[in-house]
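Numbering (full-length UniProt numbering), first residue to last: 1 to 295. Written out below as structure tokens is the structure these notes cover.
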């Protein structure tokens with residue numbers, strides 16, 4: 001697997017792409033998504049081909065039918081902005097594309113424009129773990145495992161969790177299509193592949209971290225929540241592994257930003273601005289109202 005991390009972005013941006021992006025970025029951390037084996041169906045790779053070879057008589061460059069507003073998420077952005085105490089965006093809205101939930105331009109966006117800013121206080125990090133649990137998981141559990149443990153705690157809190165509007169909109173287990181969730185027959189179909197070998201290693205790692213997390217819950221949360229099942233931990237681990245970014249906090253789930261689907265050709269990245277204590281995404285291309293915005 002690719003080793004992921006954060007690097008300080010001092011390098012000049014290619015001025016041939018946009019005058020708005022020329023020059024040198026202020027000192028920021030480039031946040032890399034931790035996507036690997038645990039990705040759910042991210043519905044992005046064949047989007048351009050599907051549009052290019054559509055048979056409805058429209059040009060591939062013409063906007064398709066305007067995205068319908070995601071009625072389940074009408075209150076999501078106002079809620080997140082209350083948590084943040086700041087405006088997140090005035091350029092994006094949550095909608096539904098052919099491929100599921102996504103972010104769409106609600107006005108004209110030019111390359112170089114900042115599309116969204118999510119303050120650190122509106123992000124979910126392992127720092128929110130109960131102190132006893134955090135100390136217990138210092139050794140042997142990585143950042144993904146720690147954040148997965150926190151996600152389980154918040155899920156168990158149900159409506160009492162301050163993150164429930166976000167958690168309730170995360171993909172369900174049936175939407176997770178990683179080979180780590182395949183049954184024995186399906187898994188045997190890739191037995192001789194590098195993916196099979198890597199998945200086995202990943203399973204061993206997750207099971208080891210689950211054992212440590214389960215023991216920490218038993219010691220410190222036995223009167224609060226029941227010990228998680230392996231399947232629940234694996235689900236939480238997969239959510240974190242497919243959606244989180246490495247940041248100065250170690251690793252972070254960034255609500256709203258992770259509704260943005262991925263495009264392998266996109267040059268947009270998530271930048272962590274330490275001075276202003278926020279993460280932001282800048283457009284790498286022009287978007288018209290109704291266009292899906294990708295990362």
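Where is the CB? At the ideal position from N, CA and C, for every residue including glycine. Predicted model only: the values in this text are computed from it and were never measured.
Annotated three-state conformation of residue 86 is coil, per DSSP. In this structure, the CA atom of residue 165 is about 17 Å from the CA atom of residue 103.
A distance below 6 Å between beta-carbons, with the five flanking residues on each side excluded, links residue 105 to the following residues of its chain, in chain order: 287, 289, 291, 293. Looking at the backbone, the Cα of residue 201 and that of residue 107 are separated by about 45 Å. By the Cβ neighbour-count rule, residue 159 is exposed, with fewer than 16 other Cβ atoms within 10 Å of its own. Residue environment for residue 197: exposed (fewer than 16 other C-beta atoms within 10 angstroms of its C-beta).
Around the CB of residue 204, fewer than 16 other CB atoms lie within 10 Å, so the residue is classed as exposed.
Apart from the 5 residues on each side of it in sequence, residue 282 sits with its Cβ closer than 6 Å to the Cβ of 114 in its chain, given in chain order. In this structure the segment 83-103 does not touch the segment 209-222; the number of beta carbon pairs closer than 8 Å is below three.
With contacts defined as CB atoms closer than 7 Å, residue 126 and residue 151 fail to qualify as a contacting pair.
Only buried fits residue 123, as 16 or more other CB atoms lie within 10 angstroms of its CB. Judged by beta-carbon spacing, residue 250 lies within the 7 Å limit of residue 143, meaning their Cβ atoms are closer than that value. When secondary structure is reduced to three states using DSSP, residue 289 falls in the coil class, being assigned neither helix nor strand. Per DSSP, residue 234 is one residue of the alpha helix (DSSP H) stretching across 230-243.
Its chain contains 117, 118, 119, 120 as the residues whose beta carbon lies nearer than 7 Å to that of residue 278, once the 5 sequence neighbours on both sides are disregarded; these appear in chain order. Per DSSP, reduced to three states, the secondary structure at residue 176 is coil, with no helix or strand assignment. Under the three-state reduction of DSSP output, residue 102 falls in the strand class.
Every alpha helix (DSSP H) stretch that sits fully inside the segment 97-173 and reaches 4 residues is listed by chain position as 131-136, 143-157, 164-167. For residue 195, the uninterrupted alpha helix (DSSP H) run begins and ends at 194-220, by DSSP. Using a Cβ distance threshold of 7 Å, residue 236 and residue 137 do not count as a contacting pair. Its chain contains 165 as the residues whose beta carbon lies nearer than 6 Å to that of residue 79, once the 5 sequence neighbours on both sides are disregarded; these appear in chain order. Taking a contact to require three or more Cβ pairs closer than 8 Å, the segment 243-261 and the segment 175-187 do not qualify as touching. When the Cα atoms are used, residue 267 and residue 109 turn out to be separated by approximately 15 Å.
The beta carbon of residue 170 sits closer than 6 Å to the beta carbons of 239 from its chain, once the five residues preceding and following it are set aside; these are given in chain order.
Of the residues assessed, residue 70 falls on the buried side of the cut-off, its CB having 16 or more other CB atoms within 10 angstroms.
Within the same chain, 209, 212 come within 6 Å of residue 141 by CB-CB distance, once the 5 residues on both sides are set aside. Per DSSP, the beta bridge partners of residue 273 are 278. Judged by DSSP in its simplified three-state form, residue 77 adopts helix.
Sorting 101, 231, 145 by C-alpha distance to the C-alpha of residue 72 places 101 at the top. Sixteen is the threshold: when 16 or more other Cβ atoms of the shown chains lie within 10 Å of the Cβ of residue 154, as they do, the residue is buried.
When DSSP reads this structure, residue 95 sits in a beta bridge with 69, 102.
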